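Please read the structure below before turning to the comments.
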Amino acid sequence: MLEICKKEWQQFFGSLTGYLAIIIFLLINSLILFVFPDTSILQFGYATLQGFFTNVVWVLLFLVPVITMRSMADELKTGTFELLATLPLSNWHIVLGKFFGCLLVATTALIPTIVYAISVQQLSATGGIDIGGTIGSYVGLWLLTAAFTAIGIAASSYTNNTVVAFVIAAFASFIVFSGFTAISKLSFVAAIAYYIELLGIQFHYQSLSRGVIDT
1 MLEICKKEWQ QFFGSLTGYL AIIIFLLINS LILFVFPDTS ILQFGYATLQ GFFTNVVWVL
61 LFLVPVITMR SMADELKTGT FELLATLPLS NWHIVLGKFF GCLLVATTAL IPTIVYAISV
121 QQLSATGGID IGGTIGSYVG LWLLTAAFTA IGIAASSYTN NTVVAFVIAA FASFIVFSGF
181 TAISKLSFVA AIAYYIELLG IQFHYQSLSR GVIDT
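Numbering follows this note's numbering, in which position 130 of the sequence shown is assigned residue number 130; successive positions increment by one, without gaps.
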(Lines of atoms letter the chains of each structure in order from A and count residues from 1; the text may use other names and numbers.)
(Lines give C-alpha, C1' and ligand atoms only; values in the text may rest on other atoms or scores of the structure.)
Protein backbone atom coordinates (compact mmCIF):
# COMPACT_ATOMS: atom_id res chain seq x y z
CA MET A 1 0.00 0.00 0.00
CA LEU A 2 2.87 2.36 0.79
CA GLU A 3 4.36 1.80 -2.66
CA ILE A 4 1.05 2.67 -4.32
CA CYS A 5 0.83 5.81 -2.20
CA LYS A 6 4.37 6.72 -3.22
CA LYS A 7 3.55 6.06 -6.88
CA GLU A 8 0.61 8.51 -6.77
CA TRP A 9 2.87 11.17 -5.28
CA GLN A 10 5.60 10.63 -7.88
CA GLN A 11 3.10 10.52 -10.74
CA PHE A 12 1.60 13.89 -9.81
CA PHE A 13 4.91 15.64 -9.23
CA GLY A 14 6.65 13.81 -12.05
CA SER A 15 5.60 16.49 -14.52
CA LEU A 16 5.35 20.26 -14.59
CA THR A 17 1.54 19.99 -14.62
CA GLY A 18 1.43 18.94 -10.97
CA TYR A 19 3.50 21.89 -9.81
CA LEU A 20 1.49 24.29 -11.99
CA ALA A 21 -1.80 23.05 -10.52
CA ILE A 22 -0.65 23.78 -6.97
CA ILE A 23 0.91 27.13 -7.93
CA ILE A 24 -2.35 28.20 -9.60
CA PHE A 25 -4.29 27.02 -6.53
CA LEU A 26 -2.14 29.15 -4.22
CA LEU A 27 -2.17 32.12 -6.60
CA ILE A 28 -5.97 32.16 -6.84
CA ASN A 29 -6.33 31.97 -3.07
CA SER A 30 -3.78 34.75 -2.58
CA LEU A 31 -5.64 37.00 -5.02
CA ILE A 32 -8.94 36.30 -3.29
CA LEU A 33 -7.51 36.94 0.16
CA PHE A 34 -5.38 40.01 -0.51
CA VAL A 35 -6.21 41.56 -3.90
CA PHE A 36 -9.81 41.25 -5.09
CA PRO A 37 -11.77 44.16 -3.53
CA ASP A 38 -14.88 42.16 -2.60
CA THR A 39 -12.95 39.52 -0.66
CA SER A 40 -9.68 41.18 0.39
CA ILE A 41 -9.11 41.23 4.15
CA LEU A 42 -7.34 44.56 3.65
CA GLN A 43 -10.76 46.07 2.93
CA PHE A 44 -12.41 44.76 6.10
CA GLY A 45 -10.20 46.38 8.70
CA TYR A 46 -10.00 43.38 11.02
CA ALA A 47 -8.00 40.15 11.13
CA THR A 48 -10.00 37.17 9.88
CA LEU A 49 -9.47 34.22 7.58
CA GLN A 50 -13.18 33.45 7.31
CA GLY A 51 -13.26 34.65 3.72
CA PHE A 52 -10.39 32.33 2.82
CA PHE A 53 -12.04 29.28 4.37
CA THR A 54 -15.29 30.11 2.57
CA ASN A 55 -13.78 30.66 -0.87
CA VAL A 56 -11.06 27.98 -0.84
CA VAL A 57 -13.77 25.31 -1.04
CA TRP A 58 -14.69 26.36 -4.56
CA VAL A 59 -11.06 26.25 -5.65
CA LEU A 60 -10.67 22.79 -4.11
CA LEU A 61 -13.65 21.62 -6.17
CA PHE A 62 -11.32 21.89 -9.17
CA LEU A 63 -7.93 21.10 -7.62
CA VAL A 64 -8.82 17.79 -5.99
CA PRO A 65 -10.40 16.30 -9.15
CA VAL A 66 -7.22 17.31 -11.02
CA ILE A 67 -5.23 15.33 -8.46
CA THR A 68 -7.48 12.25 -8.49
CA MET A 69 -8.61 12.05 -12.12
CA ARG A 70 -5.66 9.88 -13.20
CA SER A 71 -5.52 7.66 -10.12
CA MET A 72 -7.72 4.84 -11.41
CA ALA A 73 -8.57 6.03 -14.95
CA ASP A 74 -4.97 5.74 -16.15
CA GLU A 75 -4.66 2.26 -14.63
CA LEU A 76 -7.80 1.16 -16.48
CA LYS A 77 -6.70 2.82 -19.73
CA THR A 78 -3.21 1.31 -19.80
CA GLY A 79 -4.25 -2.05 -18.39
CA THR A 80 -1.94 -1.77 -15.39
CA PHE A 81 -4.82 -2.26 -12.97
CA GLU A 82 -4.84 -5.94 -13.90
CA LEU A 83 -1.13 -6.00 -13.02
CA LEU A 84 -1.88 -4.44 -9.64
CA ALA A 85 -4.58 -7.03 -9.09
CA THR A 86 -1.99 -9.82 -9.44
CA LEU A 87 0.05 -8.43 -6.55
CA PRO A 88 -0.49 -9.81 -3.03
CA LEU A 89 -2.76 -6.87 -2.22
CA SER A 90 -6.48 -6.72 -1.64
CA ASN A 91 -8.62 -4.25 -3.55
CA TRP A 92 -8.92 -2.24 -0.34
CA HIS A 93 -5.15 -1.92 -0.10
CA ILE A 94 -4.99 -0.64 -3.68
CA VAL A 95 -7.80 1.87 -3.16
CA LEU A 96 -6.45 3.07 0.18
CA GLY A 97 -2.95 3.42 -1.25
CA LYS A 98 -4.28 5.65 -4.01
CA PHE A 99 -6.51 7.56 -1.59
CA PHE A 100 -3.70 8.38 0.83
CA GLY A 101 -1.34 9.20 -2.04
CA CYS A 102 -3.79 11.71 -3.53
CA LEU A 103 -4.67 13.07 -0.09
CA LEU A 104 -0.97 13.60 0.62
CA VAL A 105 -0.67 15.64 -2.57
CA ALA A 106 -3.74 17.71 -1.67
CA THR A 107 -2.43 18.25 1.86
CA THR A 108 0.86 19.45 0.37
CA ALA A 109 -1.13 22.10 -1.49
CA LEU A 110 -2.85 23.21 1.73
CA ILE A 111 0.26 23.47 3.92
CA PRO A 112 1.59 26.70 2.30
CA THR A 113 -1.72 28.42 3.08
CA ILE A 114 -0.64 28.52 6.72
CA VAL A 115 1.44 31.49 5.57
CA TYR A 116 -1.87 33.34 5.16
CA ALA A 117 -2.63 32.91 8.86
CA ILE A 118 0.85 34.08 9.82
CA SER A 119 0.60 37.08 7.48
CA VAL A 120 -2.81 38.14 8.79
CA GLN A 121 -1.56 37.75 12.37
CA GLN A 122 1.41 40.00 11.61
CA LEU A 123 -0.72 42.57 9.79
CA SER A 124 -3.17 42.82 12.67
CA ALA A 125 -2.66 45.92 14.79
CA THR A 126 -4.45 44.49 17.83
CA GLY A 127 -5.85 41.14 18.88
CA GLY A 128 -4.81 39.08 15.89
CA ILE A 129 -6.70 36.14 14.45
CA ASP A 130 -8.84 33.70 16.42
CA ILE A 131 -6.33 30.87 16.90
CA GLY A 132 -8.92 28.30 18.03
CA GLY A 133 -11.28 29.13 15.20
CA THR A 134 -8.44 29.00 12.68
CA ILE A 135 -7.31 25.57 13.88
CA GLY A 136 -10.90 24.31 13.74
CA SER A 137 -11.26 25.72 10.24
CA TYR A 138 -8.09 23.96 9.07
CA VAL A 139 -9.29 20.67 10.56
CA GLY A 140 -12.58 21.10 8.71
CA LEU A 141 -10.76 22.04 5.50
CA TRP A 142 -8.55 18.96 5.68
CA LEU A 143 -11.53 16.66 6.34
CA LEU A 144 -13.36 18.29 3.43
CA THR A 145 -10.32 17.69 1.23
CA ALA A 146 -10.30 14.04 2.30
CA ALA A 147 -13.99 13.74 1.35
CA PHE A 148 -13.38 15.32 -2.07
CA THR A 149 -10.43 12.96 -2.55
CA ALA A 150 -12.57 9.90 -1.82
CA ILE A 151 -15.20 11.14 -4.29
CA GLY A 152 -12.48 11.74 -6.88
CA ILE A 153 -11.02 8.24 -6.49
CA ALA A 154 -14.51 6.75 -6.88
CA ALA A 155 -15.18 8.86 -9.99
CA SER A 156 -11.85 7.84 -11.52
CA SER A 157 -12.69 4.16 -11.04
CA TYR A 158 -15.79 4.43 -13.25
CA THR A 159 -14.00 5.47 -16.45
CA ASN A 160 -10.70 5.27 -18.29
CA ASN A 161 -11.09 8.87 -19.52
CA THR A 162 -9.39 11.38 -17.23
CA VAL A 163 -11.50 14.31 -18.45
CA VAL A 164 -14.71 12.42 -17.70
CA ALA A 165 -13.30 11.46 -14.29
CA PHE A 166 -12.56 15.13 -13.58
CA VAL A 167 -16.07 16.27 -14.55
CA ILE A 168 -17.79 13.54 -12.53
CA ALA A 169 -15.62 14.23 -9.47
CA ALA A 170 -16.13 18.01 -9.60
CA PHE A 171 -19.89 17.70 -10.08
CA ALA A 172 -20.33 15.02 -7.40
CA SER A 173 -18.21 16.99 -4.91
CA PHE A 174 -20.29 20.10 -5.57
CA ILE A 175 -23.54 18.20 -4.98
CA VAL A 176 -22.29 16.51 -1.80
CA PHE A 177 -20.98 19.81 -0.44
CA SER A 178 -23.78 22.26 -1.23
CA GLY A 179 -26.57 20.22 -2.84
CA PHE A 180 -28.32 19.27 0.39
CA THR A 181 -28.14 22.84 1.68
CA ALA A 182 -29.77 24.05 -1.54
CA ILE A 183 -32.52 21.42 -1.29
CA SER A 184 -33.18 22.35 2.36
CA LYS A 185 -34.11 25.87 1.27
CA LEU A 186 -36.99 24.66 -0.90
CA SER A 187 -40.37 25.60 0.55
CA PHE A 188 -41.97 22.15 0.28
CA VAL A 189 -39.34 20.56 2.55
CA ALA A 190 -39.45 23.29 5.19
CA ALA A 191 -40.62 20.86 7.87
CA ILE A 192 -37.52 18.69 7.52
CA ALA A 193 -35.12 21.30 6.13
CA TYR A 194 -32.75 21.07 9.11
CA TYR A 195 -32.36 17.29 8.78
CA ILE A 196 -31.78 17.53 5.03
CA GLU A 197 -29.10 20.16 5.61
CA LEU A 198 -27.40 17.82 8.08
CA LEU A 199 -26.84 15.34 5.24
CA GLY A 200 -24.59 17.77 3.39
CA ILE A 201 -20.97 18.55 4.12
CA GLN A 202 -21.39 22.33 4.01
CA PHE A 203 -23.32 22.46 7.29
CA HIS A 204 -20.64 20.55 9.19
CA TYR A 205 -17.78 22.41 7.51
CA GLN A 206 -19.26 25.74 8.55
CA SER A 207 -19.71 24.45 12.10
CA LEU A 208 -16.04 23.49 12.32
CA SER A 209 -15.10 26.89 10.90
CA ARG A 210 -16.87 28.44 13.89
CA GLY A 211 -15.03 26.10 16.25
CA VAL A 212 -18.14 23.99 16.89
CA ILE A 213 -17.85 20.19 16.86
CA ASP A 214 -21.18 18.38 16.72
CA THR A 215 -22.85 15.34 15.15
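Glycine included, C-beta positions come from ideal geometry on N, C-alpha and C. Only a predicted model underlies this, so the values are computations on that prediction, with no experimental measurement involved.
N-terminal and C-terminal residue of the alpha helix (DSSP H) that residue i is part of
i    : result
D74  : 73-78
Y158 : Taken as a continuous stretch (DSSP letters only), Y158 belongs to no alpha helix (DSSP H), as it is neither H nor E.
T68  : 50-68
V163 : 162-174
F114 : What sits at residue 114 in the sequence shown is Ile, not Phe. Element bounds for I114: 114-123.
Local conformation of residue i per DSSP, three classes
i    : result
N29  : helix
G133 : helix
S187 : helix
S40  : coil
P15  : For the sequence presented, residue 15 should be read as Ser rather than Pro. Three-state DSSP puts S15 in coil, outside helix and strand.
S90  : coil
G200 : coil
Pair within 8 angstroms by beta-carbon distance, residue i and residue j
i    : j    : result
N55  : I32  : yes
S137 : L49  : yes
N160 : L87  : no
F99  : T181 : no
V59  : N29  : yes
F62  : A170 : yes
I196 : S184 : yes
G133 : W9   : no
V66  : S173 : no
V139 : L27  : no
Contact belief for residue i with residue j at Cβ below 8 angstroms, rounded distance in angstroms
i    : j    : result
S178 : G152 : Actually they are not in contact, since the Cβ atoms of S178 and G152 sit about 17 angstroms apart, beyond 8 angstroms.
I94  : I4   : 6 angstroms
L141 : F203 : Actually they do not touch by this definition, with Cβ atoms about 15 angstroms apart.
A73  : T145 : Actually they do not touch by this definition, with Cβ atoms about 20 angstroms apart.
F12  : A109 : Not a contact, Cβ separation roughly 10 angstroms.
Q121 : I129 : 5 angstroms
M1   : G97  : 4 angstroms
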